[in-house]
Every structure is written in structure tokens, then in C-alpha cells.
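Note that the protein sequences, when read in sequence, are chains A and B. Residues 484 to 853 in the numbering used here are what the first sequence spells out, letter by letter. Residues 484 to 853 in the numbering used here are what the second sequence spells out, letter by letter. Ideal Cβ placement from N, Cα and C applies to all residues, glycine included. Please read the structure below before turning to the comments.
2 protein chains.
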Amino acid sequence: MTSTAAPLTYDQAGVNYDLIDPLKITAQRAAAATASHLAGHGFTEVKASRGESAYVVDVGPFYLASIVECLGTKTLVADEMAKLTGKSFFAGIAQDTIAMAVNDLITVGATPLVVQAYWAAGGSDWFGDAQRAQALVAGWKAACDTCQVAWGGGETPALAGIVEDGRIDLAASCTGLINPKERLSVGDKLGAGDAIVLLASSGIHANGLSLARKLAERLPQGYLTEIEPGLTYGEALLAPTALYSPVTEALWKAGIAPHYCANITGHGWRKLLRHPSQLTYRIHSVPPKTAVLDFIQKQAGQDDREAYSTLNMGAGFAIFVKAEDAERTAQVARDCGIEAWVAGTVEAGEKQLLIEPLDIRFSEDDLALR
Amino acid sequence: MTSTAAPLTYDQAGVNYDLIDPLKITAQRAAAATASHLAGHGFTEVKASRGESAYVVDVGPFYLASIVECLGTKTLVADEMAKLTGKSFFAGIAQDTIAMAVNDLITVGATPLVVQAYWAAGGSDWFGDAQRAQALVAGWKAACDTCQVAWGGGETPALAGIVEDGRIDLAASCTGLINPKERLSVGDKLGAGDAIVLLASSGIHANGLSLARKLAERLPQGYLTEIEPGLTYGEALLAPTALYSPVTEALWKAGIAPHYCANITGHGWRKLLRHPSQLTYRIHSVPPKTAVLDFIQKQAGQDDREAYSTLNMGAGFAIFVKAEDAERTAQVARDCGIEAWVAGTVEAGEKQLLIEPLDIRFSEDDLALR
């Protein structure tokens, strides 16, 4: 089955990063100017963490890392699928939300310790649906159990007039420690000769959902379209995001300290270019796309370049390690139940990502995050 | 000017805590069960922080405190006033959002160190209004400067279909340290004989806005109604929330360690009953209501009991200290530019709040947060 309509780009699906990114950059500059306040408390920021996925402060005996992350629009798929199937998917949605925060926090080398819940509903009555609310609570706790984090508390406001009626805006904040300090994985550790290990994604995760939802509108059977025998498009989209902190913790216990990590979320594989250094990333092995990502690419009529620039395409997380640690890194991930591949190398050279099997090149200009 | 319509209660204004509170309590129980994960990292939770405004973990040399807090619906007033006056109020709104997080975090004795921004818009175009976006950035930075916190970063998602078109859902997460550990102000420190010092609010702050907005609909001139010569109802509502962390930091420098603190937000003065102990709180002096709160109470036709059970009524923060520190605590606050009053005492006896000048009594049943 291939798409019969015109190709669908990410911008057409309603998210225009060109409008958001300039504000992001202005905000980042204002934020950077506040770092000096830490000196008054006897601390300093880890400057290399500016522009990374989590912010890091040197508090003496260890580093403190913190973050807040939004789930995005995946709940809209869960809401639609609940209508179509009568099932609640909010346990998985809870895992997605925690994954957004935890998978970002660990990129700097932190052990996640505390998660806070941000559940902003369109009205008090959202919380009156006991089955859905209990699924959210149970899934949230289960994800905390997997990541070995304490659920500290949170916020459950009712925001009629801001959040749409019947909807919920989900986010998580996460705080952790980089302990011992040598676990810090931002800054100068990454270098030529390092290997790139990719960890399997479980599906679309929680980025690209605007596109995925738009696509559902074009399918005659919508979310109930079978993408594999017995698996609907909606169910496949709702596979909960993989939680990668068990892998990074196991790596540390195995004596492996990543030089750098990238959580592959918005901007897809372009996130592999996140580190500020001028380095070339050469990918020699591309992991299998998951079924749902393959389906989306075909249905949206995207070429590989478009697909890899917006979706995770089977790889949810990248770990950059010493070349001699590469195979063992992949094995540690597999032992945690997450498929992994030694997929490429870091080389001296201009800043670019070369996905050789697909003949794709992304340059610095393709990712303007700082 | 008094109200000509029927009294307006908080429930009628659209927030039904009876639907939210049971879910909150279920979530709190699931959250409490995750505390044991900290042991695997060599840490323990401070159990007394469960049910408090911020969650606290003992990480050895100091305590780690974290929180996420939502602004609520105050942006709806800012949006309406922008239409009516052509001015942007988002610098003040930014301060409100940070205040929600910082003023909660300091209740446990923490020094706020890092704030993360959560700005979830109804669409990418929200960020395209440069004047408004810049005001938000500038106000956010200014509030960080006042509180001497580092702005670590944040999240600026576009959530069409979840957040209403043209609106923004604002929240802040905050991480801090309780350092030295004796600054911890949850647990057994509070006791009979302590004094209650109230710090002035700057207006409605960011709680009770649903009610305030409902009221605007009943006023012939709406937000442009003058509540004092030259001061409209809308402008008065938009006075930014007072930031209290300069006071708690100055107290520590002055050698005063609060036994307990309560941020007076949702549930109004009932928050004075937050501490789990069985103690009686006797208020002998009631601070002046701000003009806008007096106006709201009259217009909504609320009796004092209703008003004090939902709004801050002039007191935004309560500090419980040793009796001999009370006057000096108030003076330290005034030196920070925040009016303060020694307003009452803590006594042995059943759990209740007695606001003597108004003949109001709130009992334990009036506040079910745990």
C-alpha cells in the first residue's frame, strides 16, 4: 500500500519550527545571562550544558541536572483510540511523558532521581473519568519503577479556556545527579575515533505525532488501518516510548562512561549533530525502521532525507563511546532488553552527518538549536 | 459599589476541587510508594516533605528540593487586557509563573537554584508575536534576577488541539538545595508557642483567577472598571505575584530559621492548616486586603469565610518562627521591600485556624490535601 495523495511534510502538519526557533534562541541567550547568580550561592553552571538537553550545575560534591519536558500531542491519538476501541491508553501515555524527561536528562550523564508530574487538564471533569485517571497514575508509577526514580509530586490544574475541553497537557520535570562527577558527558569528551551506538526505538515515541495524526485523516480506516496483521496504526503509534535510563545506569556499572549522548526526538536524526564541536558523524549501518515508521514514511510519501530529518526511524537514542567500548555498549543495552547497533564513527572534519547507506548528508545548517 | 447579582462561589467559577482532590490523593499514594528507589542510588527521601509544597531528598551533604508549578489561567486576563489596552502584560505574567514555583520551593527551606521554563502554546504562531514573546523572555529573566536563580532552559512546544488557539499554558519547574541541612523547615520543628508572620501579597497573585474572570463578565465595564482612581480592575489583577525568596534568603543570613512556611495559594488561608500536626493557629491581626481583593469580595458578594477560604486576602506567605524571632522576621521582610505583620500564634489544641478579628474558624475538614 502506498500513498495516493501528495507528500505530507512536517511543516504542513502544523508545527513550524521557523517561528519557534528564533524565540528559543532569544530565550537561551537571556537564560545564559542568569548563570552568574549561582556564584552567590557558592556554585557555578557547567557552561557546556547550555544548549544541551539538560542543564547542569556544579554544586561541589556532584553535578545537579534538571529539566522540564512536554509530551506533545500524543494524547490526541490516545483520545481518538479510546473512542474507537473503548480502551484507555493513558498508562502508556504516562510512560511516554516520563520518557521525554528522563531520556533527555540522562544525555548529560545524570542519574534521574526525582520526577514531578504536570497534568494540566481542560477542566476538572477530566479527572472525573476514574478509569483513565487511574491508568495515568498506574503508568506513571510503573515508569518511575523502571527508571528507579522517586515520583516527588506534581501539579494537576484545571485550565478551562487554555487547555481544550476534554484534553490534557502532560509534562514531566526531572532532577538528577551526575555522581561521581566523571560521569558528566557534555563538553570535550567527544572526539574523532569515537563510535556511535544507536539504541532501538519502540516506534514513533512522542515526536512526529502532528504528522502522524494528519496522516490518519487521509486513511480510509484512519487509526484502525492495519499496518501489520493484527496491529492497527493507532495501536502502533501508541507503543510507549522506550525508557533508556536503565541502559545508561547499566553502562556505568559496567565501567563504560559515554563521551556524549543524543536523545533522538524532534528534528529526527539531525539531533546527532547536537554537539557543538566541528566533527563528522559517519553512519555505516542503519537500523531497521519500526513498522509504524516505515508505514508513515510511505503513506506520507517522504523521501529518506525528509523522514530521517523529522522521525527517529528506528533509533531512539545515540551513545557516543570509545571505539573499544562500542560492542560492549551495544551488549549492555541488549541485556537491558533494548536492541542496539554499533552504527557509525566520529571523524575529524566539517560538521556533518553522513548516513552512507541512504546517501544522506545533513550539515550544520540543518540544525539551528543554539 | 456593591454587587447587584447573586453571590459567586469558587465552584461556580468552574474549578471543582472535589473532582481533582481524590485523583490527587491517589497519585500521592502511588508517588509515595516510589520513594524506595532512592535507596538504590544511596539516598533517601525526607518523608515529611510528602504532601508539602516541594519534594525533598537527602543526598548526603545537603537536601535536594524540586517542584513543578502551573501558572493557571491568569494569561486569559492578560490576553483580554492586551486587546483592551494594546499593552503586553507578559513580563508580569512571567514573574507570576516563576513565583508559583519559587514561592512553593522555599517553604521547605530550600534556596532556589535553577528554574526551567514550560511555555506550551496553542500553535507556533503564538511565538510569532515578537513583542509579546520578548516581554515573556524579559520578565522571566527579571524574575530570575530577583530570585538569584539560574534559568536553565525549558520547553516551548506548540500544542494545537490541546492548548487552545492563541493561548499559552505556562509553568515553571524549580530545583534547589537545602544547605546547610538545618535549614529544612518541614517535619517536627513547628510547635506550640511559635509565632505566625504574614507577608503581604501584591494582589490576587495567581490563584482565584477563574473567579475573578467570571466576575469581569458581570461588570458593565469589565476589566476596565476602575477600582480606585486611575487603576482598572484588569491592571490590578495583573499585578505580578510577589517573589518571597529574597525574604527567606535574607532571614537565613540574619540567623533566623523558620520552623515552617506556607505559601498561600489555592484554598486561601486554609493553607495555614497545611502542616500535618494537630495544632491550633490563632490569628489576632488581619492584614489589610489589597484593593483588588476587597473589590472581588464585595462584587462576588462573598462573606469573609468564603473569601478567606479561597483568596490570599492580603497575605501571600506565612512564616512560622520562634516567638522571639517574630518581630525581627517581619523587619527582615520589610527590609526586602515586602510588608509583613506578626499576625498570630501557634498553640496546643485541636487542628484549627481561628481568625479572631473576623470570627472565622477553619477545621481540619476544610483542607484535605493528604
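Based on the DSSP secondary-structure assignment, which residues constitute the bridge partners of residue i?
{"i": "residue 540(A)", "result": "528(A) and 547(A)"}
{"i": "residue 693(B)", "result": "None; residue 693(B) has no bridge partner."}
{"i": "residue 637(B)", "result": "600(B)"}
{"i": "residue 652(B)", "result": "603(B)"}
Quick one: is residue i buried, meaning 16 or more other Cβ sit within 10 Å of its Cβ, or exposed?
{"i": "residue 570(B)", "result": "exposed"}
{"i": "residue 652(A)", "result": "buried"}
{"i": "residue 522(A)", "result": "exposed"}
{"i": "residue 533(B)", "result": "buried"}
{"i": "residue 535(A)", "result": "buried"}
{"i": "residue 729(B)", "result": "buried"}
{"i": "residue 718(A)", "result": "buried"}
{"i": "residue 704(A)", "result": "exposed"}
{"i": "residue 768(B)", "result": "exposed"}
{"i": "residue 853(A)", "result": "Confidence is the limiting factor: at residue 853(A) the pLDDT is only 46, short of 50, which leaves the residue's position unreliable, though a coordinate-based value still follows. Burial call: exposed."}
{"i": "residue 507(A)", "result": "buried"}
{"i": "residue 516(B)", "result": "exposed"}
{"i": "residue 659(A)", "result": "buried"}
Shortest alpha-carbon distance to residue i belongs to which of the options?
{"i": "residue 622(A)", "options": "513(A), 722(A) and 832(A)", "result": "722(A)"}
{"i": "residue 512(A)", "options": "541(B), 544(B), 552(B) and 634(B)", "result": "634(B)"}
{"i": "residue 682(B)", "options": "841(B), 845(B) and 810(B)", "result": "810(B)"}
{"i": "residue 584(B)", "options": "700(A), 638(A) and 516(A)", "result": "638(A)"}
{"i": "residue 655(B)", "options": "701(B), 554(B) and 619(B)", "result": "554(B)"}
{"i": "residue 819(B)", "options": "650(B), 797(B), 629(B) and 801(B)", "result": "629(B)"}
{"i": "residue 815(B)", "options": "755(B), 632(B), 843(B) and 737(B)", "result": "737(B)"}
{"i": "residue 792(B)", "options": "753(B), 542(B) and 703(B)", "result": "753(B)"}
{"i": "residue 586(A)", "options": "549(A), 670(A) and 759(A)", "result": "549(A)"}
{"i": "residue 775(B)", "options": "659(B), 669(B) and 790(B)", "result": "790(B)"}
{"i": "residue 690(A)", "options": "666(A), 762(A) and 750(A)", "result": "750(A)"}
{"i": "residue 698(B)", "options": "806(B), 780(B), 517(B) and 847(B)", "result": "780(B)"}
{"i": "residue 834(A)", "options": "759(A), 813(A), 817(A) and 805(A)", "result": "759(A)"}
{"i": "residue 684(A)", "options": "843(A), 516(A), 821(A) and 543(A)", "result": "821(A)"}
{"i": "residue 710(A)", "options": "837(A), 686(A), 505(A) and 616(A)", "result": "686(A)"}
{"i": "residue 631(B)", "options": "564(A), 514(A) and 829(A)", "result": "514(A)"}
{"i": "residue 680(A)", "options": "520(A), 727(A) and 563(A)", "result": "727(A)"}
{"i": "residue 473(A)", "options": "777(B), 846(B), 620(B) and 669(B)", "result": "Since the first residue shown for chain A is 484 and the last is 853, residue 473(A) is missing from the structure and cannot be characterised."}
Quick check: the Cα distance between residue i and residue j, rounded to an integer number of angstroms?
{"i": "residue 640(B)", "j": "residue 590(B)", "result": "30 Å"}
{"i": "residue 740(B)", "j": "residue 732(B)", "result": "10 Å"}
{"i": "residue 566(A)", "j": "residue 509(B)", "result": "25 Å"}
{"i": "residue 742(B)", "j": "residue 672(A)", "result": "45 Å"}
{"i": "residue 716(A)", "j": "residue 595(A)", "result": "32 Å"}
{"i": "residue 666(A)", "j": "residue 747(A)", "result": "21 Å"}
{"i": "residue 580(A)", "j": "residue 724(A)", "result": "8 Å"}
{"i": "residue 612(B)", "j": "residue 561(B)", "result": "14 Å"}
{"i": "residue 485(B)", "j": "residue 788(B)", "result": "Below a pLDDT of 50, predicted positions are generally treated as unreliable, and residue 485(B), at 39, falls in that range; the measurement from the model is reported next regardless. Cα to Cα, the separation comes out at about 18 Å."}
{"i": "residue 618(B)", "j": "residue 572(B)", "result": "8 Å"}
{"i": "residue 692(B)", "j": "residue 830(A)", "result": "56 Å"}
{"i": "residue 842(B)", "j": "residue 576(B)", "result": "35 Å"}
{"i": "residue 838(B)", "j": "residue 828(B)", "result": "11 Å"}
{"i": "residue 606(A)", "j": "residue 706(B)", "result": "24 Å"}
{"i": "residue 771(A)", "j": "residue 817(A)", "result": "15 Å"}
{"i": "residue 832(A)", "j": "residue 763(A)", "result": "5 Å"}
{"i": "residue 825(B)", "j": "residue 615(B)", "result": "40 Å"}
List, in order along the chain, the chain B residues whose C-beta lies closer than 8 Å to that of residue i?
{"i": "residue 526(A)", "result": "596"}
{"i": "residue 650(A)", "result": "644 and 645"}
{"i": "residue 559(A)", "result": "644 and 645"}
{"i": "residue 552(A)", "result": "638"}
{"i": "residue 620(A)", "result": "506, 509, 510 and 513"}
{"i": "residue 555(A)", "result": "640 and 642"}
{"i": "residue 516(A)", "result": "624"}
{"i": "residue 544(A)", "result": "543 and 544"}
Applying a beta-carbon distance threshold of less than 8 Å, which residues of chain A neighbour residue i?
{"i": "residue 631(B)", "result": "520, 523 and 524"}
{"i": "residue 599(B)", "result": "538, 549, 550, 551 and 656"}
{"i": "residue 794(B)", "result": "Per Cβ cutoff of 8 Å: no residues; residue 794(B) is ~17 Å from chain A at best."}
For the ligand FAD, is there any heavy atom lying closer than 8 Å to the beta carbon of residue i?
{"i": "residue 702(A)", "result": "Looking at this structure, you won't find the ligand FAD or any other ligand, since it has none at all."}
Can you pull the chain B residues whose beta carbon is under 9 Å from the beta carbon of residue i, in chain order?
{"i": "residue 683(A)", "result": "What residue 683(A) touches in chain B: nothing, since even the nearest Cβ is about 25 Å away."}
Would you mind telling me which residues of chain A sit closer than 7 Å to residue i, beta carbon to beta carbon, in chain order?
{"i": "residue 735(B)", "result": "What residue 735(B) touches in chain A: nothing, since even the nearest Cβ is about 11 Å away."}
{"i": "residue 671(B)", "result": "In chain order: nothing, as chain A lies at least about 21 Å away."}
{"i": "residue 567(B)", "result": "What residue 567(B) touches in chain A: nothing, since even the nearest Cβ is about 17 Å away."}
{"i": "residue 603(B)", "result": "553 and 652"}
{"i": "residue 592(B)", "result": "Residues of chain A passing the Cβ test: none, with the nearest at roughly 14 Å."}
Taking C-beta pairs closer than 9 Å, name the residues in chain A that residue i reaches, listed in chain order.
{"i": "residue 575(B)", "result": "Those do not exist, as residue 575(B) stays about 16 Å from chain A at its closest Cβ, beyond 9 Å."}
Find the residues of chain B that neighbour residue i, judging by a C-beta separation of less than 7 Å, and give them in chain order.
{"i": "residue 819(A)", "result": "Per Cβ cutoff of 7 Å: no residues; residue 819(A) is ~15 Å from chain B at best."}
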